[in-house]
Amino acid sequence: MKAVVTVMLKDGVLDPQGKAIGQALAGLGFAGVGEVRAGKVIELELAETDPTRARATAEAMARRLLANTVIESFRVQVEPA
Amino acid sequence: MKPGIVLFPGINRERDMAIALERAFGHAPRIVWHTETDLGELDLLVLPGGFSYGDYLRCGAMAAQTPVMGAVRAHAERGGYVLGVCNGFQILTEAGLLPGALLRNAGLRFISADCHLRVERTDTAFTAQWQQGAVFRAPMAHGDGNYFADTATLDRLEGENLVAFRYVTARGEVTPEANRNGSARSIAGIFSPNLRVLGLMPHPEDLVDKLLGGEDGAPLFASLAAA
Amino acid sequence: MTQRPIDAALARDFGLSEEEYARALAIMGRPLTLAELGVFSVMWSEHCSYKSSRTWLSQLPTKAPWVIHGPGENAGVVEIGHGLACVFKMESHNHPSFIEPYQGAATGVGGILRDVFTMGARPIANLNALRFGDPRHPVTRRIVDGVVRGIGGYGNCVGVPTVGGEINFHPAYNGNPLVNAMTVGVAPVDRIFLSAAAGVGNPVVYVGSKTGRDGIHGATMASAEFGKDAEEKRPTVQVGDPFTEKLLIEACLELMQTDAIVAIQDMGAAGLTSSSVEMAGKGGVGIDLDLDAVPQRETGISAYEMLLSESQERMLMVLRPEKAEAARMIFEKWQLDFAVIGRITDTGRFVARHQGRVEADIPLAPLADQAPVYQRPIAEPAKPAELPPARAENRWGLAEALERLLGTPDLASRAWVWEQYDSTIGGQTVKRPGAADAAVVRIEGQTMALALTTDCTPRYCAADPEAGGRQAVAEAWRNLTATGARPLAVTDNLNFGNPEKPEVMGAFAAAIRGMAAACEALNFPVVSGNVSLYNETEGRPILPTPAIGAVGVIDDAAAAVGIALGPWLDLVLIGQTRGWLGQSLWLREIAGREEGAPPPVDLAAERAAGDFVRGLILNGTVRACHDVSDGGLLVAVAEMAMAGNVGVRLSAGPREIPGHAYWFGEDQGRYVLAVPDGPAVVRAAEAAGLAAVRIGHSGGADLTVPDGGTISIAKLRAAHEAFFPAFMGS
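Chains as they are written, first to last, in my numbering: chain U, 1 to 81; chain X, 1001 to 1227; chain W, 2001 to 2730.
Next comes the structure, spelled out in structure tokens:
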């Protein structure tokens, strides 16, 4: 299976990178852009073939290493490899 | 007190730290590799600055998961001394030995410049050789030094008097301009509740020699050597 | 690509001329394979072969008693005492930095670091000489931002302090910025590692990162000018991994404590091809590579791609066979790839096998000996006329002009840039960026220190390349001297336009002539360097920019002086002042003209003044010292005052020189000294046959100039520090 882990700063944690991207977009003339948040996406190729177990493994990885839950939240999507 | 430097791949301020420790302790620190788990008779473990694992994923995240960190945690739980500077501070927060996290600097740029720090308490093994409220200079050199913790944690740190150093002006005032990386409540360094673990972002080890601009950082190491 | 026939048309796309392709065919005596065409095209590119510049480079003096290795090795090596050697070189990464500023600059730093630790030296300092386009040009800001971030991102992570360098802005660099990176390292004199392979049967070992498809044909890209399609060349830019580089430094230096290494070379431009060809060629042996054994990051990489890849952070070594296992353990400890990918042979041939086929089999001697060398036609540059006095009429007060000058891009404070570079790591930086005319870095465990600088004044070189070449060398020598250091040697980075244009080649030849004269007179040999040609965009060349990197030594680091002025000191000017405004910054920025001849350098006077000043610094007389360069005397004094945060009251200059010419002229060979007893220093200088005059005294918080003007140091500093934050928007 393939697991895609999306890691974002939690709401309430200042995201200066997102803010800078928003300002740059405004500078380029893109109007109507509200809040911008920057995060990261981690793609994992897993040997596991069962989607439920693959999700559980990826979530354990995210809690242990991929995200710092003091400041970040994460979301796991599982799809066929 | 016997000091040791814990070395992870990508750490790069270990030489600076070794020089500062040797000046204060009179002997060279032992170097502990990230795969080691037996810390022997060491009393003080120092996690120096650098870019462990390239700062990839998050600063300090991968170093926090190495075998040696289990031993560092056990050492801290036994009441042993631990000092984390810059990346070392980031590793200690990632490992949960100190609360909070270090975010990207508010201005999104690496900052290499001298800053002024105010010593918030002197009844610790790390700060005994300073006067209460003393202001000293230290180089900072980091891209992710913006201290963050939730309000409850910040209130607890302040309530329990666990803030070690704050970014201040040369006159000792807390101002937004003096807090260049945007840290919450101008926090530059914090203690663990038992005052045995200290993490800070700036580099006192790079200012222990008059020839290199001053000896402002020396009291940290002298305090430890005398503890 | 494999669809196309291997013929002269393909060779031309690879950068080989018809004549060069014919020569390659003659050497081979049969049609070339794609991999072989790749090998010929990169080995015979301007970047690797120096085919246009080689005949001129031989004019540069390269010898002195302290020179251990001059040009021809990965970096130059000079003896500095106490059994130690300084290993250093400067190299350009101009073209990649235009295409992708962050990665271009970062990999430039990575590449020059490898040139230095390849020789067994631990890198102790980085510098960089940067030239950007007009700040008002729309792309300049993005390039400055990326280059500065890239230099910092790489240097900070590998843990080598970035301690100095220079930055100029000029519209001639709008489409072709210059990024010249310099690394300085230190090694024991008896532990210098070279690249000549030896020992038939010895294993050829690949270490470092895996090979991908990065930067294929980077070396040929560096040898062609940009057209409008520069954007599309983006995929050839390499990506740097400073974390791996740091591990590679530690692993290589650990291995170098043993006697395992016979020869070692980094894989820089043209990657595996140039490193293996050069190692075997220098050793007069053959080399047999098994490309299947090369660690690979992607699947399906062809032999051609593997030979030409410029993936970063890779090294090639020839090891003693009985030590190979011990070496493997060191690299595995540092989590780096280690693979035996070939053997040294006695065939004198470069052979590369892949998937059971011989993909390349080239005789090494003719590949090197028959490499093209061009005696390009040159057009001797016209000597500019001296600036007529009427063209430099003054309408501005000294303080007003000074305040404006200090805020211009070429003179403004660089603090915004320096503060993104870690300059203190290593715990040995005695003089940080901006604190002295040269950076001063102590050698760990020693009392001695190295003084380091990069210098070039492109506007002088554009007006008169020979005078500009002389001046660049002299200024580097002067900047080292101004700290108290004894100048030792030079690395040069010669950045010019298209060598097929006679006026470009004429400027190149003239600049070399000027540099050679200065190096000769100052006993300041060139020990390493790099040539970067085709720095043009859409037919417009850059200003001729022969950047000089230089190293000096000071036996007691504590004796080094900086520029920061203290209170209650006399300011003494050493050296002759004529009021030379031609090509000065005053003329360009205040009067709005780029005209006239640049200031000449009298090399005998240069040496006499420098030796005198160095003596005074080393005997403790001098509290601060600053050479007089861009912006002239008043700018030099203002820089000292701002650095020390103290005022100065200046006395009037001689009546026969107009005030603005005296205070803003850029006559060469001059220093401002801050000393407790000015008259005594003036007498000593005059006794030594030097022009000397007490020009003022420090104290208070204002700069008072002789035409009646006064300006506070705080106001000067505000003007000085405003440009970069305003330009870069932070």
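Note that CB positions come from ideal geometry on N, CA and C, so glycine has one too.
Since the structure is predicted, the reported quantities are computational estimates derived from the model, not experimental observations.
Between the CA atoms of residue j and residue i - distance to the nearest angstrom
| i | j | result |
| --- | --- | --- |
| L2291 of chain W | A2197 of chain W | 19 Å |
| T2062 of chain W | G2208 of chain W | 33 Å |
| R2234 of chain W | I2099 of chain W | Confidence at R2234 of chain W is low in this model, with a pLDDT of 40, below 50, so the placement of that residue is unreliable and no value is reported for it. |
| A2385 of chain W | M2505 of chain W | 22 Å |
| G1182 of chain X | A1188 of chain X | 10 Å |
| S2629 of chain W | R2432 of chain W | 19 Å |
| L1108 of chain X | D2707 of chain W | 45 Å |
| A2726 of chain W | C2461 of chain W | 29 Å |
| Q2312 of chain W | M2267 of chain W | 8 Å |
| P1029 of chain X | D2241 of chain W | 30 Å |
| R2513 of chain W | N2530 of chain W | 17 Å |
| A2489 of chain W | V2179 of chain W | 21 Å |
| H1027 of chain X | G2653 of chain W | 58 Å |
| T2002 of chain W | L2034 of chain W | Residue placement at T2002 of chain W is flagged as unreliable, the pLDDT there being 44, under the threshold of 50; the coordinate-derived value follows with that caveat. For T2002 of chain W and L2034 of chain W, the distance between alpha carbons rounds to 8 Å. |
Within 8 Å, strictly: CB atoms of residue i and residue j
| i | j | result |
| --- | --- | --- |
| L2032 of chain W | V2186 of chain W | no |
| M8 of chain U | G39 of chain U | yes |
| W2044 of chain W | A2399 of chain W | no |
| D2422 of chain W | P2101 of chain W | no |
| R2353 of chain W | F2338 of chain W | no |
| A2560 of chain W | V2441 of chain W | no |
| G2164 of chain W | L2127 of chain W | yes |
| A2485 of chain W | I2554 of chain W | yes |
| A2106 of chain W | G2150 of chain W | yes |
| G2286 of chain W | T2345 of chain W | yes |
| T1127 of chain X | G1199 of chain X | no |
| F2739 of chain W | G2120 of chain W | Here chain W covers residues 2001 to 2730 and nothing more, so residue 2739 of chain W does not appear. |
| R1137 of chain X | L1211 of chain X | no |
| L2650 of chain W | L2402 of chain W | no |
| V1046 of chain X | L1039 of chain X | no |
Top-ranked residue by Cα proximity to residue i, from the options
| i | options | result |
| --- | --- | --- |
| G1054 of chain X | W:T2244, W:A2129, W:P2177 | W:T2244 |
| L1117 of chain X | X:H1203, X:A1018, X:Q1065, X:A1064 | X:H1203 |
| A1076 of chain X | X:L1195, X:N1161, X:E1158 | X:L1195 |
| A2605 of chain W | W:W2586, W:E2589, W:Q2576 | W:Q2576 |
| M2515 of chain W | W:E2536, W:F2723, W:I2542, W:A2547 | W:A2547 |
| V2144 of chain W | W:V2473, W:V2417, W:A2008 | W:V2417 |
| D2190 of chain W | W:G2709, W:E2079, W:H2626 | W:E2079 |
| R2770 of chain W | W:A2270, W:E2254, W:L2587 | The structure shown does not extend to residue 2770 of chain W, since chain W is modelled only from 2001 to 2730, so the question has no answer here. |
| G2271 of chain W | W:N2493, W:E2310, W:G2592 | W:E2310 |
| R2593 of chain W | W:G2582, W:D2602, W:A2482, W:N2176 | W:G2582 |
| K2501 of chain W | W:N2523, W:I2542, W:K2210 | W:I2542 |
| G2342 of chain W | W:R2414, W:N2202, W:G2709, W:V2675 | W:N2202 |
| G1100 of chain X | X:L1042, X:G1145, X:L1224 | X:G1145 |
| P2598 of chain W | W:V2613, W:N2645, W:Q2668 | W:Q2668 |
Distance between beta carbons of residue j and residue i, contact taken as under 8 Å
| i | j | result |
| --- | --- | --- |
| T69 of chain U | R63 of chain U | 7 Å |
| A2075 of chain W | V2116 of chain W | 5 Å |
| A2507 of chain W | P2544 of chain W | 4 Å |
| I1190 of chain X | V1163 of chain X | 6 Å |
| P2465 of chain W | W2477 of chain W | In fact, because the Cβ distance is near 19 Å, the residues do not count as touching under 8 Å. |
| M1201 of chain X | C1086 of chain X | 6 Å |
| H1142 of chain X | I1091 of chain X | Not quite, the Cβ-Cβ distance comes to about 13 Å (not below 8 Å), so this is no contact. |
| V1006 of chain X | T1035 of chain X | That belief does not hold up - the Cβ atoms of V1006 of chain X and T1035 of chain X are roughly 11 Å apart, past 8 Å. |
| S2584 of chain W | E2666 of chain W | 5 Å |
| Q2059 of chain W | Q2238 of chain W | Q2059 of chain W to Q2238 of chain W, Cβ: 33 Å. No contact. |
| M1017 of chain X | E1205 of chain X | 5 Å |
Range of the contiguous alpha helix (DSSP H) that encloses residue i
| i | result |
| --- | --- |
| K2 of chain U | That residue, K2 of chain U, is in no alpha helix (DSSP H); its beta strand (DSSP E) goes 2-9. |
| S73 of chain U | First-last for S73 of chain U: 72-79, but that is the beta strand (DSSP E), not the alpha helix (DSSP H). |
| R2114 of chain W | 2101-2117 |
Unbroken beta strand (DSSP E) run spanning residue i, endpoints
| i | result |
| --- | --- |
| Q17 of chain U | Element bounds for Q17 of chain U: not the beta strand (DSSP E) but the alpha helix (DSSP H), 16-27. |
| H2354 of chain W | 2349-2354 |
| W2044 of chain W | Taken as a continuous stretch (DSSP letters only), W2044 of chain W belongs to no beta strand (DSSP E), as it is neither H nor E. |
Residues that residue i contacts on chain A, provided the C-beta gap is smaller than 7 Å
| i | result |
| --- | --- |
| K2246 of chain W | Looking at the structure shown, chain A is missing, and the protein chains on hand are U, X and W. |
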